[in-house]
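Inspection log for the structure reproduced underneath, given as structure tokens.
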Amino acid sequence: MDQVKVKQTLTIALNHWNAMSRASGDDAEESANAFEAAFYRFIDAVREWYDGLGSPPQTLEQLLELPLMKELTDELPAPLYLNFETEAELIVERQCRLDEDKYD
């Protein structure tokens, strides 16, 4: 997975985030579900990118210092940063979150 794909999946997730923040009524649940799916596609893209690194960082701190990660985290709204950090830590630990364990 290349960096362009990771950035594209982030852009899609952020578009869904913005749509969700504007949604109300019946659209709210649909927007929230679309955002959640897009966010986890983004996380999967980050995982694939990480797995493709020749010598991947061994700690969350090292991962977050990489130029791509700095670029991504600069774009994340504050409420999403903690979720991203949690998922990034799982990536470094080579753990996968089960679908039912993902955020609701």
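Residue numbers 807 to 910, in our numbering, belong to the letters of the sequence shown in order.
Yeah, the Cβ is synthetic: ideal placement off N, Cα and C, and Gly gets one too.
Just checking, does the segment 817 to 836 make contact with the segment 858 to 874 on the three C-beta pairs under 8 Å criterion? No, they do not touch.
Use the C-beta contact count for Asp881: other C-beta atoms within 10 angstroms, 16 or more gives buried, fewer gives exposed. One-based indexing of the sequence shown puts residue 881 at position 75. For the sequence presented, residue 881 should be read as Glu rather than Asp. Its Cβ having fewer than 16 others within 10 Å, Glu881 is exposed.
In this structure, does DSSP put Arg847 in helix, strand or coil? Looking up residue 847 in the sequence shown gives position 41. Under the three-state reduction of DSSP, Arg847 is assigned to helix.
At which residues does the alpha helix (DSSP H) containing Leu870 begin and terminate? Walking along the sequence shown from the start, residue 870 turns up at place 64. For Leu870, the uninterrupted alpha helix (DSSP H) segment begins and ends at Leu866 to Glu871.
Quick check: the Cα distance between Trp855 and Gln814, rounded to an integer number of angstroms? Looking up residue 855 in the sequence shown gives position 49. Looking up residue 814 in the sequence shown gives position 8. One C-alpha to the other measures close to 13 Å.
Assumed close pair Val810, Gln864 - CB separation to whole angstroms, cut-off 8 Å: By one-based count along the sequence shown, residue 810 stands at place 4. By one-based count along the sequence shown, residue 864 stands at place 58. Actually they are not in contact, since the Cβ atoms of Val810 and Gln864 sit about 25 Å apart, beyond 8 Å.
May I ask you to report which of helix, strand or coil DSSP gives Leu882? The sequence position of residue 882 within the sequence shown is 76, counting from 1. Here Leu882 sits in coil by DSSP.
Between the alpha carbons of Ala894 and Ala834, how many angstroms are there, rounded? Taking the sequence shown and counting its residues from 1, one reaches residue 894 at position 88. Taking the sequence shown and counting its residues from 1, one reaches residue 834 at position 28. Their backbone Cα atoms lie some 27 Å apart in a straight line.
Integer Cβ distance of Leu888 from Trp823, believed to fall under 8 Å: Stepping through the sequence shown from its first residue, residue 888 is reached at position 82. Stepping through the sequence shown from its first residue, residue 823 is reached at position 17. Not a contact, Cβ separation roughly 14 Å.
Going by Cα to Cα distance, which pick from Glu836, Asp832, Gln901 and Ile849 is closest to Thr817? Reading the sequence shown from its first residue, position 11 is the one you call residue 817. Nearest of Glu836, Asp832, Gln901 and Ile849 to Thr817, Cα basis: Ile849.
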